[in-house]
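Numbers 0 to 573, taken from numbering that gives the first Met the number 0, label the letters of the sequence shown in order.
A virtual CB, placed ideally from N, CA and C, is assigned to each residue, including glycine.
Predicted model only: the values in this text are computed from it and were never measured.
Scroll down for the structure; my scribbles are underneath it.
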Amino acid sequence: MRHVPVYLLVFWAMLLITIFGEVEIGTSKECENAHFVPGYNLAGEGFDVVTLERKGTYVINTEKWDLGNGTCNMRTNQYMNGIKQKPPAAVDFWRTLPKCSMKVSSQIFESSEAVVEESSSAISGNWKADLSVQLFGAAVGGTHSRVAKFAMLKSKQDKYSFIKHQVECNFYRYHVVQNPPLHAEFLQAIKSLPASYDKFAYRSLISTYGTHYTTSVMLGGHMKAITAIKTCEASIGGLSDTAIKDCLDVEASGIYKALTVEAETRLCRELKQKLGTNLKMSSKFSERQTEIIGGNINGEDLLFSGSSHPNALKGWLESLKSVPDVVQYTLKPLHFLLSEKHPARKGLKKAVEEYITENALRNVCSEPCKLGKKCSARDPCVCVCESSKIMKSNCCPTEKGLATLKVYNLRANGLFGDTLTQTDGYVEIKHQGQNKRTQTIVDNDNPRWSETFNFGHINIKIGSTLTLEVYDEDDFWNRDHLGTCSVKVSSGVVNDGCALDHGTLFFSYEVKCAPSLQGRHCDEHKPSPMAASLADIFSSRNGVLVKDMQRLELAFNNSGMTHFKSDNGKLLML
Numbered sequence: 000m001r002h003v004p005v006y007l008l009v010f011w012a013m014l015l016i017t018i019f020g021e022v023e024i025g026t027s028k029e030c031e032n033a034h035f036v037p038g039y040n041l042a043g044e045g046f047d048v049v050t051l052e053r054k055g056t057y058v059i060n061t062e063k064w065d066l067g068n069g070t071c072n073m074r075t076n077q078y079m080n081g082i083k084q085k086p087p088a089a090v091d092f093w094r095t096l097p098k099c100s101m102k103v104s105s106q107i108f109e110s111s112e113a114v115v116e117e118s119s120s121a122i123s124g125n126w127k128a129d130l131s132v133q134l135f136g137a138a139v140g141g142t143h144s145r146v147a148k149f150a151m152l153k154s155k156q157d158k159y160s161f162i163k164h165q166v167e168c169n170f171y172r173y174h175v176v177q178n179p180p181l182h183a184e185f186l187q188a189i190k191s192l193p194a195s196y197d198k199f200a201y202r203s204l205i206s207t208y209g210t211h212y213t214t215s216v217m218l219g220g221h222m223k224a225i226t227a228i229k230t231c232e233a234s235i236g237g238l239s240d241t242a243i244k245d246c247l248d249v250e251a252s253g254i255y256k257a258l259t260v261e262a263e264t265r266l267c268r269e270l271k272q273k274l275g276t277n278l279k280m281s282s283k284f285s286e287r288q289t290e291i292i293g294g295n296i297n298g299e300d301l302l303f304s305g306s307s308h309p310n311a312l313k314g315w316l317e318s319l320k321s322v323p324d325v326v327q328y329t330l331k332p333l334h335f336l337l338s339e340k341h342p343a344r345k346g347l348k349k350a351v352e353e354y355i356t357e358n359a360l361r362n363v364c365s366e367p368c369k370l371g372k373k374c375s376a377r378d379p380c381v382c383v384c385e386s387s388k389i390m391k392s393n394c395c396p397t398e399k400g401l402a403t404l405k406v407y408n409l410r411a412n413g414l415f416g417d418t419l420t421q422t423d424g425y426v427e428i429k430h431q432g433q434n435k436r437t438q439t440i441v442d443n444d445n446p447r448w449s450e451t452f453n454f455g456h457i458n459i460k461i462g463s464t465l466t467l468e469v470y471d472e473d474d475f476w477n478r479d480h481l482g483t484c485s486v487k488v489s490s491g492v493v494n495d496g497c498a499l500d501h502g503t504l505f506f507s508y509e510v511k512c513a514p515s516l517q518g519r520h521c522d523e524h525k526p527s528p529m530a531a532s533l534a535d536i537f538s539s540r541n542g543v544l545v546k547d548m549q550r551l552e553l554a555f556n557n558s559g560m561t562h563f564k565s566d567n568g569k570l571l572m573l
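Printed below as a string of structure tokens:
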């Protein structure tokens, strides 16, 4: 048998120490005097997968360190000057991690429902194990998290897209042992449950201890921001979600390296010129939900102003070593803490399933497409338009000022074109290179023209002029000019008139701003909120909690809404 070289044995030993940390068994006195490892008790708290929050109450006893004979495990913490610290008896495989890179990641979401779907990404592994919570067309978990509630509320106010930026830094990692010691108060709460299933009693336990417990964690800190972008407001300003994201990437990247003039010039200067501002893009687009966990926080928005507060950022990073929080979880449902024969195991499993299912977000399109059609492969409720000079594929106008123009109700009084007979009058209407004319009304000094003239899509920028010229037609080759009216057009229905050289011309015109535009010159963004009656039932623009589906069915049956149909008790969009 060949002998393994000594240098390989040394290498493997050093590798194991690096991965798992140097393990020692401490004496009773050493254990009593040693501090716990940073974040030692974070995995002991119950966790709610609906709100994505630790409950602050303990299901696992993380204060016990005694291995049974007065000794404990001792670990060397390289981030705390090599001091020896003790993990709880419930913790296994505690170790430090390599230094973090503080690299910024970013992602665009077309809808709030997509934000909800992604909100539970910090949970690794299969947290749904042994739970019957698979729902087709529904987001399960995370529907009441802070990020989800922010995005869902915004979506009911206007058409929004969302950009997520995240930076994380992990220093420690550990697992929870297979059969951890349970906290006495949790055991007492389990013992007090009724023998037969009682929804109220079990739901009360969930409200206190959550739905899951932690089996492993990564500790450190993270900064996460969800920026809400009014899709059409950005579009009419000539900005795309991708361009905004790229510029925010540059500003967020200032947290770990100097923001270069070249990068800002390349990514942001053109956008700022379009917006007519010198503000940072993170200040211009400031509808944001920011979350900073771990470390000591003094209130600064470190993600987008880290370069302005380098000492605060440095202090936060350093504090993560001693005051970490949980950045990533692996979870199991609470009932796994109870033995197979425990009388409360099945009831607890059922209660968790019901709670998660009731709070799942089912995808229901709240309205039909006013423009375009629903053909997005990523989101069945997103309306897609054919791109053109006036409309983008997201059904937003391509620029400010877009509108339609209609001229009608033309009439004149007191025309004087001929001396022996009355006027043979007609009107020429001109706007932005388009020329139209009425029919000639013969021998009438007070004509009324019945035509309506549609100029189609126009741009009524400030100073846009509508010109009407009145003529007396003597023959095909000869005409007399009776006067001109010129008006600066603005949105809305306008009844106007003007004095001619001989007589008076009266007319009406209507300017309708393109969708998502408003204001006198159609140069302001117009929000598109949900109907109030639906906003009360829907949790997001196109999402209804499972527990609210019955309310939606009832509203559908009582209102005669035509854009829904019912299919075996389920509401679907036409």
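Which term fits Ser206, buried or exposed, when burial requires 16 or more other beta carbons within 10 angstroms of its beta carbon?
Translated into the one-based positions of the sequence shown, residue 206 becomes position 207. Exposed, since its Cβ has fewer than 16 Cβ neighbours within 10 Å.
Comparing C-alpha positions only, which one of Ile355, Val351, Ser392 sits nearest to Gly371?
Position 372 of the sequence shown, counted from the first residue, corresponds to residue 371. Cα-wise, what sits closest to Gly371 is Ser392.
Indicate the three-state DSSP secondary structure (helix, strand or coil) for Asn297 in the structure shown.
Locating residue 297 in the sequence shown gives position 298, counting from the first residue. Here Asn297 sits in coil by DSSP.
Endpoints, the beta strand (DSSP E) within which Thr75 is located
Taking the sequence shown and counting its residues from 1, the one referred to as residue 75 is at position 76. Here the beta strand (DSSP E) through Thr75 covers 71-76.
If you draw a straight line from the alpha carbon of Cys484 to that of Val469, how long is it in whole angstroms?
In the sequence shown, the residue the question calls residue 484 occupies position 485. In the sequence shown, the residue the question calls residue 469 occupies position 470. Linking Cys484 to Val469 through their CA atoms gives a straight-line distance of about 9 Å.
In three-state terms, what does DSSP make of Arg519?
Looking up residue 519 in the sequence shown gives position 520. Looking at Arg519 - three-state DSSP - the assignment turns out to be coil, as it is neither helix nor strand.
Buried or exposed for Thr259, going by 16 or more other Cβ atoms inside 10 Å?
In the sequence shown, the residue the question calls residue 259 occupies position 260. Below a pLDDT of 50, predicted positions are generally treated as unreliable, and Thr259, at 49, falls in that range; the measurement from the model is reported next regardless. Thr259 comes out exposed.
What are the boundary residues of the alpha helix (DSSP H) that includes Ser111?
Here residue 111 refers to the residue found at position 112 of the sequence shown. Segment 111-117, the alpha helix (DSSP H) holding Ser111.
Is the CB-CB distance between Phe454 and Gln438 below 8 Å?
Translated into positions along the sequence shown, residue 454 becomes position 455. Translated into positions along the sequence shown, residue 438 becomes position 439. For Phe454 and Gln438, no; Cβs fall outside 8 Å.
Tyr57 by DSSP, collapsed to three states: which one?
Position 58 of the sequence shown, counted from the start, is the residue given in the question as residue 57. Tyr57 falls in the strand class under three-state DSSP.
Going by CA-CA distance only, name the one from Ala128, Glu109, Pro97 that's closest to Ser375.
Working through the sequence shown from its first residue, we reach residue 375 at position 376. Of Ala128, Glu109, Pro97, the residue nearest in Cα terms is Glu109.
Nearest-angstrom Cα distance between Ala128 and Pro526?
Here the question's residue 128 lines up with position 129 in the sequence shown. Here the question's residue 526 lines up with position 527 in the sequence shown. Whole-angstrom Cα-Cα distance: 42 Å.
For Leu181 and Leu551, what's the separation of their Cα atoms in angstroms?
For the purposes of this step, residue 181 is taken as residue 182 along the sequence shown, with counting starting at 1. For the purposes of this step, residue 551 is taken as residue 552 along the sequence shown, with counting starting at 1. Put simply, the backbone Cα of Leu181 is about 42 Å away from that of Leu551.
Taking the straight line between their C-alpha atoms, what separation do you get for Ser515 and Glu339?
Here the question's residue 515 lines up with position 516 in the sequence shown. Here the question's residue 339 lines up with position 340 in the sequence shown. So the two alpha carbons sit approximately 58 Å from each other.
Using 8 Å as the Cβ pair cut-off and three pairs as the minimum, do the segment 27-37 and the segment 72-89 touch?
yes
If you compare alpha carbons, which of Ser489, Arg410, Lys435, Asp444 is closest to Phe505?
In the sequence shown, counting from the first residue as 1, residue 505 sits at position 506. Phe505 has its Cα closest to that of Arg410, out of Ser489, Arg410, Lys435, Asp444.
Residue burial classification, Thr464 (beta-carbon count within 10 angstroms, cutoff 16)
Counting from one through the sequence shown, the residue named residue 464 turns up at place 465. So Thr464 ends up on the exposed side.
If we require 3 or more residues per run, which beta strand (DSSP E) segments fall completely within the segment 312-391?
The segment 312-391 contains these whole beta strand (DSSP E) runs: 324-332, 360-362.
At which residues does the beta strand (DSSP E) containing Val146 begin and terminate?
Counted from its first residue, the sequence shown places residue 146 at position 147. Where Val146 is concerned, there is no enclosing beta strand (DSSP E), although the alpha helix (DSSP H) it sits in stretches over 145-156.
For Arg268, the first and last residue of its enclosing alpha helix (DSSP H):
In the sequence shown, residue 268 corresponds to position 269, counting from 1. Segment 268-274, the alpha helix (DSSP H) holding Arg268.
Can you tell me which of the three DSSP states Tyr255 falls into?
On the sequence shown, position 256 is the one that residue 255 refers to. Residue placement at Tyr255 is poorly supported in this model, since its pLDDT is 48, which falls under 50; the coordinates are not used for a value here.
Taking three-plus beta-carbon pairs below 8 Å as touching, is the segment 291-300 in contact with the segment 314-324?
yes
Roughly how many whole angstroms lie between the Cα atoms of Tyr373 and Gly542?
Here residue 373 corresponds to residue number 374 of the sequence shown, with the count starting at 1. Here residue 542 corresponds to residue number 543 of the sequence shown, with the count starting at 1. Checking the displayed sequence, the identity of residue 373 turns out to be Lys instead of Tyr. Each residue's Cα considered, the two are about 16 Å apart.
Taking C-beta to C-beta, are Thr451 and Lys405 nearer than 8 Å?
By 1-based counting over the sequence shown, the position of residue 451 is 452. By 1-based counting over the sequence shown, the position of residue 405 is 406. Cβ atoms of Thr451 and Lys405: closer than 8 Å.
Apart from the five residues on each side of it in sequence, which residues of its chain come closer than 6 Å, Cβ to Cβ, to Glu232?
Counting from one through the sequence shown, the residue named residue 232 turns up at place 233. His524.
Quick one: grab the DSSP three-state call for Thr207.
What you label residue 207 is simply residue 208 of the sequence shown in a count that begins at 1. Helix.
Does the segment 193-210 touch the segment 237-254, meaning 3 or more C-beta pairs lie closer than 8 Å?
no
Assigned exposure category for Val441 - 16 Cβ within 10 Å defines buried:
Along the sequence shown, read from residue 1 onward, the residue named residue 441 stands at position 442. So Val441 counts as exposed.
Contact defined as beta carbons within less than 8 Å: I believe Val115 pairs with Thr142. What is the distance between those atoms, to the nearest angstrom?
Residue mapping note: residue 115 aligns to position 116 of the sequence shown, counting from 1. Residue mapping note: residue 142 aligns to position 143 of the sequence shown, counting from 1. Indeed they touch by this definition, with Cβ atoms about 6 Å apart.
Alpha-carbon spacing of Ala257 relative to Gly462, whole angstroms:
On the sequence shown, position 258 is the one that residue 257 refers to. On the sequence shown, position 463 is the one that residue 462 refers to. At Ala257 the pLDDT is 48, less than 50, meaning the model places this residue with poor confidence; the figure from the coordinates comes in the next sentence. Looking at the two C-alpha atoms, the distance is approximately 45 Å.
Exposed or buried, what is Gly124 when buried is set at 16 or more other beta-carbons lying within 10 Å of its beta-carbon?
Residue 124 sits at position 125 when you count from the first residue of the sequence shown. Answer is exposed; the Cβ neighbour count stays below 16.
Taking the beta strand (DSSP E) that Lys435 falls in, what are its first and last residues?
Taking the sequence shown and counting its residues from 1, the one referred to as residue 435 is at position 436. Its beta strand (DSSP E) spans residues 433-436.
Return the first residue and the last residue of the beta strand (DSSP E) that Lys127 is part of.
As a position in the sequence shown, residue 127 is number 128, starting the count at 1. Lys127 -> no beta strand (DSSP E), and no H or E assigned at all.
Could you tell me which residues DSSP pairs with Pro396 in its beta bridges?
Numbered from its first residue, the sequence shown carries residue 396 at position 397. For Pro396, which the question treats as bridged, DSSP gives the partners Met390.
Buried or exposed: Phe199, going by 16 or more other Cβ atoms within 10 Å of its Cβ?
To locate residue 199, count along the sequence shown from 1; it is residue 200. It counts as exposed.
Sequence-distant residues of the same chain with beta carbon closer than 6 Å to Tyr255, five excluded per side
Here residue 255 refers to the residue found at position 256 when the sequence shown is read from its first residue. For Tyr255, the predicted model reports a pLDDT of 48, less than 50, meaning its position is unreliable and no value from the coordinates is stated.
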